[in-house]
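Each remark here refers to the structure printed beneath this line.
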Amino acid sequence: MNKISFEAIQSELLMDACKEVDTAVLASLRSLGQPGRSPEVMAMEVAASRRRTAAVEPLSELLGVYAHLLTQGLFKVILDHPDLHSLSDEEKDAFLRDQADLCFATSSAILANLFDKKIIRYTKIGECCGE
Numbered sequence: 705m706n707k708i709s710f711e712a713i714q715s716e717l718l719m720d721a722c723k724e725v726d727t728a729v730l731a732s733l734r735s736l737g738q739p740g741r742s743p744e745v746m747a748m749e750v751a752a753s754r755r756r757t758a759a760v761e762p763l764s765e766l767l768g769v770y771a772h773l774l775t776q777g778l779f780k781v782i783l784d785h786p787d788l789h790s791l792s793d794e795e796k797d798a799f800l801r802d803q804a805d806l807c808f809a810t811s812s813a814i815l816a817n818l819f820d821k822k823i824i825r826y827t828k829i830g831e832c833c834g835e
């Protein structure tokens, strides 16, 4: 594997996790000490991000289910805290949806990056384990 800087990986992960790479993403990168980007460089980085995230597309449904299950297990306990009893059921549901979206986005970005770096590879069911 080629050496890649932590800054480059951080940039890729953030772009891959966001549905739209916009000024908020760029501001976040700048706040992390990342340099600005010209429109040409930005276009290349967005295109590379779309290629990486396309590799995860076959897993999207499964990742969505996993994110939901993980969110229910991790964050339901938080919502049971006495300080949060005043939240309505709708507010609690919205919180859980937001956390599931965050889990999905981060796991998708991580997988896309690992596929791209050829650290892991995707196999279809039946292609592994001698099946």
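Okay, so the sequence shown: first residue is 705 according to the working numbering, each after it adds one.
Yeah, the Cβ is synthetic: ideal placement off N, Cα and C, and Gly gets one too.
For this session: Ignore the nearest five residues each way along the sequence and tell me which others in D805's own chain have a CB closer than 8 Å to its CB.
Result: As a position in the sequence shown, residue 805 is number 101, starting the count at 1. In chain order, A771 place their CB closer than 8 Å to the CB of D805, counting only its own chain and leaving out the 5 sequence neighbours on each side.
For this session: Taking 8 Å as the threshold, find out whether the segment 771-791 comes into contact with the segment 736-748 through three or more Cβ pairs.
Result: No contact exists between the segment 771-791 and the segment 736-748.
Exercise. Looking at the structure shown, is C807 part of a helix, part of a strand, or coil, going by DSSP?
Worked result: Counted from its first residue, the sequence shown places residue 807 at position 103. Here C807 sits in helix by DSSP.
Exercise. Taking just the CA atoms, how far does R754 sit from S662?
Worked result: Nothing can be reported for residue 662, as the shown portion of the chain is limited to 705 through 835.
Exercise. Which whole-angstrom value is the C-beta distance of T775 and Q738, which I expect to be below 8 Å?
Worked result: Stepping through the sequence shown from its first residue, residue 775 is reached at position 71. Stepping through the sequence shown from its first residue, residue 738 is reached at position 34. About 29 Å separates the two Cβ atoms, so there is no contact after all.
For this session: Output the distance between the C-alpha atoms of R825 and A816, rounded to the nearest integer angstrom.
Result: The residue you call residue 825 lines up with position 121 of the sequence shown. The residue you call residue 816 lines up with position 112 of the sequence shown. Distance between the alpha carbons of R825 and A816: 10 Å.
Exercise. How big is the Cα-Cα spacing for R734 and K822?
Worked result: In the sequence shown, the residue the question calls residue 734 occupies position 30. In the sequence shown, the residue the question calls residue 822 occupies position 118. If you take the alpha carbons of R734 and K822, they lie about 28 Å apart.
For this session: Within 10 angstroms of the Cβ of M719, are there 16 or more other Cβ atoms? Answer buried if so, exposed if not.
Result: Here the question's residue 719 lines up with position 15 in the sequence shown. Within 10 angstroms of the beta-carbon of M719 lie 16 or more other beta-carbons, which makes it buried.
Problem set entry | Enclosing alpha helix (DSSP H) for A771 [first to last residue] | Here residue 771 refers to the residue found at position 67 of the sequence shown. Here the alpha helix (DSSP H) through A771 covers 764-783.
For this session: Flag this pair as yes or no: are the beta carbons of C722 and A798 separated by less than 9 Å?
Result: As a position in the sequence shown, residue 722 is number 18, starting the count at 1. As a position in the sequence shown, residue 798 is number 94, starting the count at 1. No, the Cβ-Cβ distance between C722 and A798 is not below 9 Å.
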